[in-house]
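Numbering of the sequence shown is given in full-length UniProt numbering, commencing with residue 1 and proceeding in unit increments. Some notes on the structure that comes next.
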Amino acid sequence: MEDLKLIGVWYSPFVCRVKCALQLKGVKYEYIEDDLSNKSDLLLQCNPIHKKVPVLVHGGKPIVESLIILEYIDETWPDKYPILPKDPYERSKGRFWTKFMEDKELIFWSLVQATEETKEEKINEIMGILKTIEEHGLGDKKFFGGDDIGFVDLAFGTFVRWFKGVEELKVIKIFETCTRLHAWFERFNEVPVVKENLPSVDELVAHYKPQYLMKYG
1 MEDLKLIGVW YSPFVCRVKC ALQLKGVKYE YIEDDLSNKS DLLLQCNPIH
51 KKVPVLVHGG KPIVESLIIL EYIDETWPDK YPILPKDPYE RSKGRFWTKF
101 MEDKELIFWS LVQATEETKE EKINEIMGIL KTIEEHGLGD KKFFGGDDIG
151 FVDLAFGTFV RWFKGVEELK VIKIFETCTR LHAWFERFNE VPVVKENLPS
201 VDELVAHYKP QYLMKYG
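As structure tokens, then:
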């Protein structure tokens, strides 16, 4: 095994996208589960700035931030499964859509705090974002990068799994009204590495519900 370690927590979408990428590449690594309520010395040493997971440690050198880690994995093992497209233009499009989604994440998470008075406004805002991604990002493709999952699918698909948990907590349905995105998500969920590395929506709800009820009742 290469000197490769991944520090993470099982319920993080950002950690899970890295797990999927490593498995797609067929790269062996040691997984280290951390405790974010009592962060390990290793995590604090490897990511002293943000003190967050995931952290990929390769040959003793830490790489942080999940999307940066995905690109690092793709560049370090270029002869195995391509995560980013080879074509520079297609690569730029992939980076654009992951940046677009990343910039909108807080809007999705803000739904957790929405009251009955603000919920409809938040839902409409999220619907607008999803429709933009569906029409201009996915289009009629099987996956964002074509016939196989890649950079954008890993970034967005892991995020959507967690957003489905938010929908369950708020007892609303938003995502499935976008029929093409919903069909893409169903295909994404059937990919073996996704099945093996992502917790179920039920597991996520069970994990987050006590915290949700404590804060928002």
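Positions of the beta carbon are idealized from the N, C-alpha and C atoms, including for glycine. Note that the structure is predicted; figures quoted are calculated from it, not measured.
Sufficient close CB pairs (3 or more, under 8 Å) joining the region 110-120 to the region 54-69: no
CB-CB under 7 Å to Lys-25, same chain, minus the five flanking residues each way: which ones, in chain order? As a first step, residue 25 is located in the sequence shown; it is residue number 25 there, counting from the start. Within the same chain, Lys-25 has close Cβ partners Ile-73, Trp-77, Lys-80, Tyr-81.
Spatial distance of Leu-22 from Lys-28 (CA atoms): Taking the sequence shown and counting its residues from 1, the one referred to as residue 22 is at position 22. Taking the sequence shown and counting its residues from 1, the one referred to as residue 28 is at position 28. Answer to the nearest angstrom: the Cα atoms are 8 Å apart.
Tell me the DSSP bridge mates of Tyr-81? Looking up residue 81 in the sequence shown gives position 81. The partner list for Tyr-81 (beta bridge, DSSP) is empty, contrary to what the question assumes.
So Ile-163 and Phe-108 are supposed to be a Cβ contact under 8 Å. How far apart are they, rounded? Taking the sequence shown and counting its residues from 1, the one referred to as residue 163 is at position 163. Taking the sequence shown and counting its residues from 1, the one referred to as residue 108 is at position 108. Inspection of the sequence shows that residue 163 is occupied by Phe rather than by Ile. Approximately 6 Å separates the beta-carbon atoms of Phe-163 and Phe-108; this is inside 8 Å, confirming the contact.
Contacting residues, own chain, Cβ-Cβ under 6 Å from Val-191 (five flanking each side not counted): Here residue 191 is taken as the residue at index 191 of the sequence shown, counted from 1. Counting only Cβ-Cβ distances below 6 Å, and skipping sequence neighbours, we find Ile-149.
Would you decide whether Val-55 is buried or exposed? Buried here means 16 or more other CB atoms lie within 10 Å of its CB. Along the sequence shown, read from residue 1 onward, the residue named residue 55 stands at position 55. Flag for Val-55 reads buried.
Within 7 Å, strictly: CB atoms of Leu-43 and Ile-69: Here the question's residue 43 lines up with position 43 in the sequence shown. Here the question's residue 69 lines up with position 69 in the sequence shown. No, these two residues do not count as a Cβ contact at 7 Å.
In the DSSP output, what is Phe-159 paired with across the bridge? Translated into positions along the sequence shown, residue 159 becomes position 159. Note: Phe-159 sits in no beta bridge, so no partner.
With distance defined between alpha-carbon atoms, name the residue in Met-127, Val-194, Gly-145 nearest to Gln-84. Along the sequence shown, one-based indexing puts residue 84 at 84. The question names Gln, yet the displayed sequence has Leu at residue 84. Of the listed residues, the one whose Cα sits closest to Leu-84 is Gly-145.
Are the Cβ atoms of Leu-154 and Cys-20 separated by less than 7 Å? Here the question's residue 154 lines up with position 154 in the sequence shown. Here the question's residue 20 lines up with position 20 in the sequence shown. Yes. Within cutoff.
Return the residue from the list Glu-116, Pro-210, Arg-17 that minimises the CA-CA distance to Lys-195. Taking the sequence shown and counting its residues from 1, one reaches residue 195 at position 195. Comparing Cα positions, the closest option is Arg-17.
Taking a contact to mean a Cβ-Cβ separation below 7 Å, would you say Phe-151 touches Gly-94 in this structure? As a position in the sequence shown, residue 151 is number 151, starting the count at 1. As a position in the sequence shown, residue 94 is number 94, starting the count at 1. Yes, the Cβ-Cβ distance between Phe-151 and Gly-94 is below 7 Å.
So the beta strand (DSSP E) His-50 belongs to, where does it begin and stop? Against the sequence shown, residue 50 aligns to sequence position 50. Element bounds for His-50: n/a, residue is neither H nor E.
My output table needs one value for Gly-146: the three-state DSSP class, helix, strand or coil. As a first step, residue 146 must be located in the sequence shown, where it is residue number 146. It is a strand residue.
Count the other C-beta atoms from every protein chain shown that fall within 10 angstroms of the C-beta of Lys-99, then say buried if there are 16 or more, exposed otherwise. Numbered from 1 along the sequence shown, position 99 holds the residue referred to as residue 99. Lys-99 comes out exposed.
Which listed residue (Gln-113, Val-171, His-182, Lys-141) has its alpha carbon closest to that of Met-214: Reading the sequence shown from its first residue, position 214 is the one you call residue 214. Distances from the CA of Met-214 to each of Gln-113, Val-171, His-182, Lys-141 were compared; the closest alpha carbon is that of Gln-113.
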